[in-house]
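Quick note: the sequence shown uses full-length UniProt numbering, first residue 2, plus one each step.
Notes follow the structure.
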Amino acid sequence: TLAKPAHKRILLKLSGEALMGDDQFGINRATIVRMVEEIADITRLGVEVAVVIGGGNIFRGVAGGSVGMDRATADYMGMLATVMNALALADAMDKQGLTARVMSAIGIEQVVEPYVRPKALQYLEEGKVVVFAAGTGNPFFTTDTAAALRGAEIGAELVLKATKVDGVYTADPAKDPTATRYSQLTFDEAITRNLGIMDATAFALCRDQRLPIRVFSIVKPGALKRVVMGEDEGTLVYA
Ligand code: UDP
Numbered sequence: 002t003l004a005k006p007a008h009k010r011i012l013l014k015l016s017g018e019a020l021m022g023d024d025q026f027g028i029n030r031a032t033i034v035r036m037v038e039e040i041a042d043i044t045r046l047g048v049e050v051a052v053v054i055g056g057g058n059i060f061r062g063v064a065g066g067s068v069g070m071d072r073a074t075a076d077y078m079g080m081l082a083t084v085m086n087a088l089a090l091a092d093a094m095d096k097q098g099l100t101a102r103v104m105s106a107i108g109i110e111q112v113v114e115p116y117v118r119p120k121a122l123q124y125l126e127e128g129k130v131v132v133f134a135a136g137t138g139n140p141f142f143t144t145d146t147a148a149a150l151r152g153a154e155i156g157a158e159l160v161l162k163a164t165k166v167d168g169v170y171t172a173d174p175a176k177d178p179t180a181t182r183y184s185q186l187t188f189d190e191a192i193t194r195n196l197g198i199m200d201a202t203a204f205a206l207c208r209d210q211r212l213p214i215r216v217f218s219i220v221k222p223g224a225l226k227r228v229v230m231g232e233d234e235g236t237l238v239y240a
């Protein structure tokens, strides 16, 4: 008998940096293709997948090139950067045999369709991968918050926060060899231990909605699949 996935619908948060691979900025094609293969694997299990994509590989509103710029203007640039990443990701998905739909929180109709919740739900039910672009559509927020928001809106069972490390550790595993991975934690424990898992707004939203977060490695082959199969992979943060 075939094992059934533990989750029906998930919201995957990919940072812009995740698309860079080992490059310093921009989009690394091989990296994106590898990531899409992992996503294709779980859609074949019947899992409905929505993605919120970041933009930090192209532009970050709060730092770098934006110094001296009006914060809101810089943030709009950051949101537009996520649209570029979303287009690249959806293109790679389509080439990999998935059907992807990009929905933007900012009106940019000639490029991608606007975010309309019932439409997103319909696409997911049809087995399409929905890529949410432009974050929340508001400056002063992040794509982590967009992940929490869209995750709650679409009734995702889990927010998957993809990182380079395979979970949350007691200390930085790159610096401290005695660091151990938390298999699971409550939101309150994460706050008490000051483990910066997502920004505070995103974290508060997930906590209020009792929407669990799983931190896992997107660079570890098969990790995404193990997560949706309910295996002990990464770190689960729950209410
Ligand atoms: N951003 C924003 N509102 C949002 C989401 C993103 O203003 O709802 C801007 C913000 O400037 C941010 C940039 O877009 O720095 C890129 O998003 P983020 O830093 O979350 O991307 P990631 O770190 O995941 O690559």
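Where a beta carbon is used, it is the ideal one built from N, C-alpha and C, also for glycine.
Please read these numbers as outputs of a predicted model, since none were measured by experiment.
With respect to the beta strand (DSSP E) encompassing Thr146, which residues constitute its N-terminal and C-terminal limits? Position 145 of the sequence shown, counted from the first residue, corresponds to residue 146. No beta strand (DSSP E) contains Thr146, which is instead part of the alpha helix (DSSP H) from 144-154.
Length-filtered (4 minimum) alpha helix (DSSP H) runs lying within the region 76-142: 118-126
Simplified DSSP state of Phe217, which is helix, strand or coil: The sequence position of residue 217 within the sequence shown is 216, counting from 1. Phe217 falls in the strand class under three-state DSSP.
Assigned secondary structure, Val169 (DSSP; H/G/I helix, E/B strand, else coil): Here residue 169 corresponds to residue number 168 of the sequence shown, with the count starting at 1. Coil.
Does any heavy atom of the ligand UDP sit closer than 7 Å to the C-beta of Arg61? Against the sequence shown, residue 61 aligns to sequence position 60. The answer is yes for Arg61.
Going along the chain, which residues of its own chain have a beta-carbon closer than 8 Å to the beta-carbon of Val113, five neighbours each way excluded? Residue 113 sits at position 112 when you count from the first residue of the sequence shown. Once the five neighbours on either side are set aside, the close Cβ partners of Val113 are Val84, Ala87, Leu88, Val103, Met104, Ser105, Ala134.
Let me check you understand the geometry: is the CB of Ala147 closer than 7 Å to at least one non-hydrogen atom of the ligand UDP? Sequence index remark: in the sequence shown, residue 147 carries index 146 (1-based). Checking every heavy atom of the ligand UDP against the Cβ of Ala147, one is found closer than 7 Å.
Excluding sequence positions up to five away, which residues of its chain have a Cβ less than 8 Å from the Cβ of Ala31? Numbered from 1 along the sequence shown, position 30 holds the residue referred to as residue 31. These residues qualify, in order along the chain: Gly22.
For Thr236, which of helix, strand or coil comes out of DSSP? For the purposes of this step, residue 236 is taken as the residue at position 235 of the sequence shown. Three-state DSSP puts Thr236 in a strand.
Using only alpha-carbon positions, find the residue among Lys14, Arg227, Gln97 that is nearest to Ile54. Looking up residue 54 in the sequence shown gives position 53. Comparing Cα-Cα distances from Ile54 to each of Lys14, Arg227, Gln97, the minimum goes to Lys14.
So, at 8 Å on beta carbons, what are the nonlocal neighbours of Arg118 in its own chain, with the 5 sequence-adjacent residues on each side left out? Indexing the sequence shown from 1 puts residue 118 at position 117. Correct list, in chain order: Glu154, Ile155.
Using the three-state DSSP reduction, which class does Leu15 fall into: helix, strand or coil? By 1-based counting over the sequence shown, the position of residue 15 is 14. DSSP places Leu15 in strand when its eight states are reduced to three.
Per DSSP, what are the beta-bridge partners of Ala163 in this structure? Here residue 163 refers to the residue found at position 162 of the sequence shown. DSSP output for Ala163 lists Phe217 as bridge partner(s).
If we count Cβ pairs, one from each stretch, closer than 8 Å, do we get three or more for the region 230-240 versus the region 166-183? yes
For the ligand UDP, any of its heavy atoms closer than 7 Å to the Cβ of Thr32? Counting from one through the sequence shown, the residue named residue 32 turns up at place 31. Incorrect: Thr32 has no Cβ contact closer than 7 Å to the ligand UDP.
Glu49 - DSSP class collapsed to helix/strand/coil: Here the question's residue 49 lines up with position 48 in the sequence shown. Strand, per DSSP.
Is Gly57 near the ligand UDP - that is, is its Cβ less than 7 Å away from at least one heavy atom of it? Working through the sequence shown from its first residue, we reach residue 57 at position 56. Gly57: yes, Cβ under 7 Å from the ligand UDP.
Quick one: using the 10 Å Cβ neighbour count with 16 as the cut-off for buried, is Met70 buried or exposed? Taking the sequence shown and counting its residues from 1, one reaches residue 70 at position 69. Label assigned to Met70: exposed.
Count the other CB atoms within 10 Å of the CB of Asp76; is the residue buried (16 or more) or exposed (fewer)? To locate residue 76, count along the sequence shown from 1; it is residue 75. Burial call: buried.
Taking 8 Å as the threshold (C-beta atoms), are Leu99 and Val130 in contact? Counted from its first residue, the sequence shown places residue 130 at position 129. Counted from its first residue, the sequence shown places residue 99 at position 98. Taking 8 Å as the Cβ cut-off, Val130 and Leu99 qualify as a contacting pair.
If I follow the unbroken alpha helix (DSSP H) through Thr32, where does it start and stop? Here residue 32 refers to the residue found at position 31 of the sequence shown. Thr32 -> alpha helix (DSSP H) spans 30-44.
Give the single residue among Tyr183, Thr137, Asn29, Glu126 whose Cα lies nearest to the Cα of Gly108. As a first step, residue 108 is located in the sequence shown; it is residue number 107 there, counting from the start. Checked all of Tyr183, Thr137, Asn29, Glu126; the closest Cα to Gly108 is Thr137.
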